[in-house]
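Participant: One structure coming up, written as structure tokens, with questions to follow.
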Amino acid sequence: MSKTESYLDESSLQSWLLTTDHKRIGLLYLFTILVFFFIAAVAALLMRLNLLSPHGWIVNADTYNKLFTLHGVLMVWFFLIPSIPAVLGNFVLPLMLGARDVAFPRLNLMSWYIFISGGLLALWALIHGGVDTGWTFYTPYSSTYSNTHVITMAMGVFIAGFSSIITGLNFIVTIHKLRAPGLTWTRLPLFVWSMYATSLILVLATPVLAITLGLISLERFWGVGVFDPRLGGDPVLFQHLFWFYSHPAVYIMILPGMGVISELIPCFSRKQIFGYKWVAASSLAIAILGFVVWGHHMFVASQSVYAGIVFSFLSFLVSVPSGIKVFNWTATLRKGSITFETPMLYALGFIGLFTVGGLTGLFLAALAADVHLTDTYFVIAHFHYIMVGGMVMGFMGGLHYWWPKISGRMYPEFAGKMAAIITYVGFNLAFFPQFILGFMGMPRRYHDYPPEFQWLNVLSTAGVSILGVGYLLPLLYFLWSTKWGERASANPWRATGLEWQAASPPPKHNFPVVPRVTKPPYTYQAEQDQFTPQSELAHV
Amino acid sequence: MSRSPLVAEQFEELEQQHLADQFGMWIFLATEVMFFGGLFTCYTVYRFLSPEVFAHASHHLGLVLGGINTGVLLCSSLTMALALRSIQLGRRGATIWLLLATCIFGIAFLGIKGYEYHEKYVEHLIPGSRFHYDGPSPNRAQMFFWLYFAMTGLHGLHVLIGVCVLSTVAILVARRRIRQENYMAVEVAGLYWHFVDIVWVFLYPLLYLAGARG
Amino acid sequence: MDWLFAGLILIALFFLVVVFVPLIYFSIKYRKGSRADRSNPSAGSDLLETGWTAFPTLVGIGIFGWGAIIYFHQQNPPADAMQIQVVGKQWMWKFQHAEGAREINELHIPTGRPVVLTMTSQDVIHDVFVPAFRVKQDVLPGKYTTEWFCPTKPGIYPLFCAEYCGTLHARMGGRVVVMEPAEYERWLSSGPPRLSLAAAGERVYRELGCSGCHDQQGTVRAPPLTNLFGRTVALQSGEVVVANEQYLRDSILLPGTQIVAGYENLMPSFQGRISEEEIMEIIAYVKSLSERKSP
Chain X
200 MSKTESYLDE
210 SSLQSWLLTT
220 DHKRIGLLYL
230 FTILVFFFIA
240 AVAALLMRLN
250 LLSPHGWIVN
260 ADTYNKLFTL
270 HGVLMVWFFL
280 IPSIPAVLGN
290 FVLPLMLGAR
300 DVAFPRLNLM
310 SWYIFISGGL
320 LALWALIHGG
330 VDTGWTFYTP
340 YSSTYSNTHV
350 ITMAMGVFIA
360 GFSSIITGLN
370 FIVTIHKLRA
380 PGLTWTRLPL
390 FVWSMYATSL
400 ILVLATPVLA
410 ITLGLISLER
420 FWGVGVFDPR
430 LGGDPVLFQH
440 LFWFYSHPAV
450 YIMILPGMGV
460 ISELIPCFSR
470 KQIFGYKWVA
480 ASSLAIAILG
490 FVVWGHHMFV
500 ASQSVYAGIV
510 FSFLSFLVSV
520 PSGIKVFNWT
530 ATLRKGSITF
540 ETPMLYALGF
550 IGLFTVGGLT
560 GLFLAALAAD
570 VHLTDTYFVI
580 AHFHYIMVGG
590 MVMGFMGGLH
600 YWWPKISGRM
610 YPEFAGKMAA
620 IITYVGFNLA
630 FFPQFILGFM
640 GMPRRYHDYP
650 PEFQWLNVLS
660 TAGVSILGVG
670 YLLPLLYFLW
680 STKWGERASA
690 NPWRATGLEW
700 QAASPPPKHN
710 FPVVPRVTKP
720 PYTYQAEQDQ
730 FTPQSELAHV
Chain P
19 MSRSPLVAEQ
29 FEELEQQHLA
39 DQFGMWIFLA
49 TEVMFFGGLF
59 TCYTVYRFLS
69 PEVFAHASHH
79 LGLVLGGINT
89 GVLLCSSLTM
99 ALALRSIQLG
109 RRGATIWLLL
119 ATCIFGIAFL
129 GIKGYEYHEK
139 YVEHLIPGSR
149 FHYDGPSPNR
159 AQMFFWLYFA
169 MTGLHGLHVL
179 IGVCVLSTVA
189 ILVARRRIRQ
199 ENYMAVEVAG
209 LYWHFVDIVW
219 VFLYPLLYLA
229 GARG
Chain G
9 MDWLFAGLIL
19 IALFFLVVVF
29 VPLIYFSIKY
39 RKGSRADRSN
49 PSAGSDLLET
59 GWTAFPTLVG
69 IGIFGWGAII
79 YFHQQNPPAD
89 AMQIQVVGKQ
99 WMWKFQHAEG
109 AREINELHIP
119 TGRPVVLTMT
129 SQDVIHDVFV
139 PAFRVKQDVL
149 PGKYTTEWFC
159 PTKPGIYPLF
169 CAEYCGTLHA
179 RMGGRVVVME
189 PAEYERWLSS
199 GPPRLSLAAA
209 GERVYRELGC
219 SGCHDQQGTV
229 RAPPLTNLFG
239 RTVALQSGEV
249 VVANEQYLRD
259 SILLPGTQIV
269 AGYENLMPSF
279 QGRISEEEIM
289 EIIAYVKSLS
299 ERKSP
């Protein structure tokens, strides 16, 4: 194997901290979000250990409340939202488009620094005693009553939001303007479609979060504000503004994962994706419909009955495009030639867990059922099925899939499979009991609870411990692989995307010559065991 | 094909880069619309709930100064548009003067705004413990003034940022880093400036003209 | 309502089967090296897509309708429901019966009669959640929200606060004690003698000086309160509103925002001079001056 220049060659600190290379920026993000994931995971572990007993025995009420706030804030804004877009999107998107970088590389680097600044503020708030408002910051508790560092935490998230906006803006312009010749919109890989839809939400929804957090910070600082009942203010207005962003935000969190699955299923079943146009369109439909369902978080918040009816109806509609994806992925398997490497295990796991999570969303969309289930552990189970069972599995699948491209090494396959299975088992044990707990009436954000809920809590904690092992293993073997992993060829998975036409790892500017695209994606033939890449390009 | 040194690595040609820059700024402006939109939503909700209170409170805002400020910003948009035309025609000197004129208009806007804020301070109309309002529903009126300061404050911050950006652009034009060939930087800065102007065009009637004045 | 849950579970199981069975079947049948027929693979079928788009949409609309109908019924308390006033604060509940009985964190009610809770918060947003009754409703500062149920079986049912409200959110619980009607009457009359809510309200009405303007022979011209509750009121702004609990509360705390047509803006605000309980007592008094019990 001839030695080629790789984007990883230069190793000075300066070359990393001042890089404008999208591949390095993707890795900078990877390192950063793992730090936040770890802190948030420790918070979750402490909470679940505390919940082993009906009477909190590890931490007191205040600490518990700060732990769930920290867990939510870090997981949502400092792990999930950047995860696939800022790590895999940054790394893979230009390669998939046949481009040398994103449209605005310096803005890209700036977005990472902005992200770090926001994160540092959040950590500052943590070190100085934490925040106890919940990641949802409901007023008037957050604006008037809480005695914690709300402004600092809110400003940390506010700043990190700008990093999201810049990433989304960069991706939209890149997808529009930097596609390789011949790469028409209908030849785009589905990962690109989902990143496009995600970016639309990133740029349009995040600013609303920013102004909302700004408003509560101002209200705390100034002593008066728009959510203050004494001025005739309405605390529920906060909820409208908050959820107007936060509901689309959950689609920011899941669409990229869906995009990864759309890459993995065709590759590992050696088959053209079933219903390409429908899958692409469904990403856009989710993005658009996702903006008009926010009120389903507020069915018992004193919203009018008529508003509730409209939001419930639209929420059922938004579930349909997700269903379309699941059906299409499943249909893709038919007449394929399927292998079960680690990325495929994660993809299949995603489909299973996301389907459960999505179906339980229907329970919550149904008005009368939601009255009973909202603010209970049912909701917690629902969103963890989608975020952890869905998105994190999608992230892991994508990370394993593109690891050879990123690092030039293969991860150890047996360990990979083991970790995937352990994760799947641990996850279900951790979160399925929570559906039952919620139906039985255990509210969320409770540091202690009536004794009849204990056995289900114990099961859940046991599951979380297993899940932790499932996450620790990849951390260890990915690191191991950078030194001792088998060296990877340019296209170890025999996949059709343009990214596989570049070397593993790619040189700094990806493609010495801009590729010409002549084929749609996923031109796999299972029967003949052949595949046609999107462009034929000689690589070194 | 030789690449112009003005073209960044990731682009094939200057035109592509220009279109990307322009598109990027339009997307950024869309995010700004959503950002201000949150505040406009709050204003709309509370005005709908207490229209008479807002109308009455609005009378405390000076129409004359507000009107002058509107004129100032509109003039600044004119000089900005002329600056863009100048650089597209290769007239470096005129471009710099027009950009500076735009900045001066911006600073004048901020000055007048600052004076208005000072007036409100003297009249005890700044929300908080020292707020004092002679009129119906002082609490709801305080909401009006809170929104007034928040909205014009956020807008003023954007004007300030715009002045900084435009003066930087003027310096780069003076140093010939921005020229006729890569005029796009001026267009992109101009788009931002026009947006800031349009926000004011909405703010003025909403805040100053909320109550009909006979 | 649990029929709805059962229906949802069945539909969820149906779709789970529809997804899992083919997923597993195809994974096994078409695993690499198996001797399945892989000729003429399909890349799509608009017919199939339309089908599996239309069918879930219809199912979704069906469940939506079912849930909406129950919800509508849930949100509209019957006119003759027994009224309980509720004030929530960090971290306890105060329940007030119309006859005057007051309870903390516990609510005694009889079987067979609908009960409507009219609730407000003294500080942050709380929520009254009684899982056994399948009801939940946020309790807000500055506003009244209602929740109703009709218990059928005597027993003790847990009540939880279900909107995070600070340190002791998890301890802000209580019990709903449902008794047979006869037992309930005994319980009601066993407590210390108390003024009914309306009588207490009349006392506040006089003590705070409301009678000075609002009584017939008041010195200042103010809108009369007899036969007011439940009626529509024309405001100076041209709007027409219903005189419900929220209207009365706003009139007491933010009088200048809803001036009645034909009257001047003279009423002072009682913000800071009157407690949530006293407001509820006055409202009960004003209700007693009208035949209508609900708007």
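Protein chains in written order, with the working numbering: chain X, 200 to 739; chain P, 19 to 232; chain G, 9 to 303.
Where a beta carbon is used, it is the ideal one built from N, C-alpha and C, also for glycine.
Is there a Cβ from chain P that is less than 9 Å from the Cβ of G/Pro263?
Facilitator: Within the third sequence, the letter at position 255 stands for residue 263 of chain G. Taking Cβ atoms only, chain P reaches closer than 9 Å to G/Pro263, which makes this a yes.
Participant: To the nearest angstrom, how far is it from the Cα of P/His142 to the Cα of X/Val349?
Facilitator: Mapped onto the second sequence, residue 142 of chain P falls at position 124. Mapped onto the first sequence, residue 349 of chain X falls at position 150. Between P/His142 and X/Val349, the C-alpha separation is close to 29 Å.
Participant: Quick one: Cα of G/Ile17 to Cα of X/Trp477, how far?
Facilitator: Within the third sequence, numbered from 1, the residue matching residue 17 of chain G stands at position 9. Within the first sequence, numbered from 1, the residue matching residue 477 of chain X stands at position 278. Their backbone Cα atoms lie some 28 Å apart in a straight line.
Participant: Measuring straight from C-alpha to C-alpha, what distance separates X/Thr335 and P/Ala99?
Facilitator: Looking up residue 335 of chain X in the first sequence gives position 136. Looking up residue 99 of chain P in the second sequence gives position 81. Going by the C-alpha atoms only, they are around 44 Å apart.
Participant: Taking 7 Å as the limit between beta carbons, can you name the residues of its chain near X/His738, skipping five residues before and five after?
Facilitator: Residue 738 of chain X sits at position 539 when you count from the first residue of the first sequence. Because the pLDDT at X/His738 is just 43, under 50, the model does not fix this residue reliably, and the value given afterwards should be weighed accordingly. Same-chain partners within the cutoff: Ala689, Gln700, Ala701 and Ala702.
Participant: Comparing alpha-carbon positions, which option in X/Thr268, X/Ser393, X/Ser482 and X/Leu212 lies nearest X/Met295?
Facilitator: As a first step, residue 295 of chain X must be located in the first sequence, where it is residue number 96. Nearest C-alpha to X/Met295: X/Ser393.
Participant: Could you pull the DSSP bridge partners for X/Pro642 from this structure?
Facilitator: Mapped onto the first sequence, residue 642 of chain X falls at position 443. Note: X/Pro642 sits in a beta bridge opposite X/Thr575.
Participant: Residues of chain G with CB closer than 9 Å to the CB of P/Pro145, please, in chain order.
Facilitator: Here the question's residue 145 of chain P lines up with position 127 in the second sequence. Within 9 Å Cβ-Cβ: nothing; P/Pro145 doesn't reach chain G, min ~16 Å.
Participant: Determine whether the Cβ of G/Ser245 lies closer than 9 Å to any Cβ atom of chain P.
Facilitator: Counting from one through the third sequence, the residue named residue 245 of chain G turns up at place 237. Chain P contact via Cβ: present.
Participant: My guess is that G/Leu243 and G/Val249 are in contact by the Cβ rule of under 8 Å, so how many angstroms apart are they, rounded?
Facilitator: Translated into the one-based positions of the third sequence, residue 243 of chain G becomes position 235. Translated into the one-based positions of the third sequence, residue 249 of chain G becomes position 241. Correct: roughly 6 Å between the Cβ atoms.
Participant: Should X/Phe652 and X/Pro253 be called a contact, given that it needs their Cβ atoms to be closer than 9 Å?
Facilitator: Start at 1 with the first residue of the first sequence, and residue 652 of chain X comes out as number 453. Start at 1 with the first residue of the first sequence, and residue 253 of chain X comes out as number 54. Yes, they are a contact pair.
Participant: Using beta carbons (cut-off 9 Å, strictly below), is G/Gly52 in contact with chain X?
Facilitator: The sequence position of residue 52 of chain G within the third sequence is 44, counting from 1. Closer than 9 Å: yes.
Participant: For G/Asp54, count neighbouring Cβ atoms within 10 angstroms of its own Cβ and tell me buried if that reaches 16, exposed if not.
Facilitator: The count along the third sequence starts at 1 and reaches residue 54 of chain G at position 46. By the 10 Å Cβ count, G/Asp54 comes out exposed.
Participant: Taking Cβ positions only, does P/Phe149 come closer than 9 Å to chain X?
Facilitator: As a first step, residue 149 of chain P is located in the second sequence; it is residue number 131 there, counting from the start. It does; some Cβ of chain X falls within 9 Å.
Participant: Closer than 7 Å between beta carbons: that is the criterion. Which residues of the stretch 189-222 of chain G meet it against chain X?
Facilitator: none
Participant: On the criterion of 16 or more Cβ atoms from any shown chain inside 10 Å, does X/Tyr475 qualify as buried, or is it exposed?
Facilitator: Indexing the first sequence from 1 puts residue 475 of chain X at position 276. Buried: at least 16 other Cβ atoms inside 10 Å.
Participant: Listing by chain order, which chain P residues have their CB less than 7 Å from the CB of X/Pro304?
Facilitator: As a first step, residue 304 of chain X is located in the first sequence; it is residue number 105 there, counting from the start. The contacting residues are Gln28.
Participant: For X/Gly424, tell me which candidate among P/Glu199, P/Leu57 and P/Asn87 has the shortest Cα-Cα distance.
Facilitator: Position 225 of the first sequence, counted from the first residue, corresponds to residue 424 of chain X. Ranking P/Glu199, P/Leu57 and P/Asn87 by Cα distance to X/Gly424 puts P/Leu57 first.
Participant: I'd like the span of the alpha helix (DSSP H) that includes X/Pro532, first residue to last.
Facilitator: Here residue 532 of chain X is taken as the residue at index 333 of the first sequence, counted from 1. Before going on, a small fix: residue 532 of chain X reads as Leu here, not Pro. Residues Val504 to Leu532.
Participant: From X/Pro704, X/Ile487 and X/Met543, pick the residue whose C-alpha is nearest to that of X/Ile460; which is it?
Facilitator: Position 261 of the first sequence, counting from 1, holds the residue named residue 460 of chain X. Of the listed residues, the one whose Cα sits closest to X/Ile460 is X/Met543.
Participant: If contacts are defined as beta-carbon pairs under 8 Å, then X/Ala379 and X/Val716 qualify, I think. What distance do you get, rounded to the angstrom?
Facilitator: As a working mapping, residue 379 of chain X is identified with position 180 in the first sequence. As a working mapping, residue 716 of chain X is identified with position 517 in the first sequence. Their Cβ separation, rounded to whole angstroms, is 5 Å, which keeps X/Ala379 and X/Val716 in contact under 8 Å.
Participant: Can you give me the Cβ contacts of G/Leu176 inside the same chain, cut-off strictly under 8 Å, excluding the 5 residues immediately before and after it?
Facilitator: Looking up residue 176 of chain G in the third sequence gives position 168. Same-chain partners within the cutoff: Gln98 and Trp99.
Participant: Helix, strand or coil: how does DSSP classify X/Asp433 here?
Facilitator: By 1-based counting over the first sequence, the position of residue 433 of chain X is 234. Here X/Asp433 sits in coil by DSSP.
Participant: Going along chain G, which residues have a C-beta under 7 Å from X/Ala568?
Facilitator: For the purposes of this step, residue 568 of chain X is identified with residue 369 of the first sequence, where counting begins at 1. Those within 7 Å of X/Ala568 in chain G are Leu12, Phe13, Leu16 and Gly75.
Participant: Verify the CB distance criterion: does G/Gln279 have a CB-CB separation below 9 Å to chain P?
Facilitator: What you label residue 279 of chain G is simply residue 271 of the third sequence in a count that begins at 1. It does: the Cβ of G/Gln279 has a partner Cβ on chain P nearer than 9 Å.
Participant: State the CB to CB distance for the pair X/Ile232 and X/Phe303, rounded to an integer number of angstroms; the pair is presumed to be in contact (CB under 8 Å).
Facilitator: The count along the first sequence starts at 1 and reaches residue 232 of chain X at position 33. The count along the first sequence starts at 1 and reaches residue 303 of chain X at position 104. With a Cβ gap of about 21 Å, X/Ile232 and X/Phe303 do not count as contacting.
Participant: Would you kindly work out how many angstroms separate the C-alpha atoms of X/Glu204 and X/Leu229, rounded to a whole number?
Facilitator: Sequence index remark: in the first sequence, residue 204 of chain X carries index 5 (1-based). Sequence index remark: in the first sequence, residue 229 of chain X carries index 30 (1-based). Distance between the alpha carbons of X/Glu204 and X/Leu229: 22 Å.
Participant: Which word fits G/Ile69, buried or exposed, when buried means at least 16 other C-beta atoms lie within 10 angstroms of its C-beta?
Facilitator: Against the third sequence, residue 69 of chain G aligns to sequence position 61. By the neighbour-count rule (16 or more Cβ atoms within 10 Å), G/Ile69 is not buried but exposed.
Participant: For X/Ser734 and P/Arg21, what's the separation of their Cα atoms in angstroms?
Facilitator: In the first sequence, the residue the question calls residue 734 of chain X occupies position 535. In the second sequence, the residue the question calls residue 21 of chain P occupies position 3. Across the structure, X/Ser734 and P/Arg21 are spaced so that their CA atoms are roughly 25 Å apart.
Participant: Across which residues does DSSP place G/Ser129 in a beta bridge pair?
Facilitator: What you label residue 129 of chain G is simply residue 121 of the third sequence in a count that begins at 1. DSSP lists G/Gly96 and G/Pro149 as partners of G/Ser129.
Participant: Are there 16 or more other CB atoms within 10 angstroms of the CB of G/Arg46, so buried, or fewer, so exposed?
Facilitator: For the purposes of this step, residue 46 of chain G is taken as residue 38 along the third sequence, with counting starting at 1. Sixteen is the threshold: when 16 or more other Cβ atoms of the shown chains lie within 10 Å of the Cβ of G/Arg46, as they do, the residue is buried.
Participant: Under 8 Å Cβ-Cβ, which residues of chain X neighbour P/Arg158?
Facilitator: For the purposes of this step, residue 158 of chain P is taken as residue 140 along the second sequence, with counting starting at 1. Those are Leu430 and Gly431, listed as they occur along chain X.
Participant: Quick check on G/Glu253: buried or exposed, where buried means 16 or more other Cβ atoms within 10 Å of its Cβ?
Facilitator: For the purposes of this step, residue 253 of chain G is taken as the residue at position 245 of the third sequence. Under this definition G/Glu253 is a buried residue.
Participant: When you compare the stretch 624-636 of chain X with the stretch 483-497 of chain X, are there three or more beta-carbon pairs, one atom per stretch, that lie closer than 8 Å?
Facilitator: no
Participant: Taking C-alpha atoms, which residue in X/Ala409, X/Arg608 and X/Pro455 lies nearest to X/Ala359?
Facilitator: By one-based count along the first sequence, residue 359 of chain X stands at place 160. Nearest of X/Ala409, X/Arg608 and X/Pro455 to X/Ala359, Cα basis: X/Ala409.
Participant: Just by C-beta distance, which residues in the stretch 163-189 of chain G are closer than 7 Å to chain X?
Facilitator: Pro166, Phe168, Ala170, Glu171, Tyr172, Cys173, Gly174, Thr175, Leu176, His177 and Ala178
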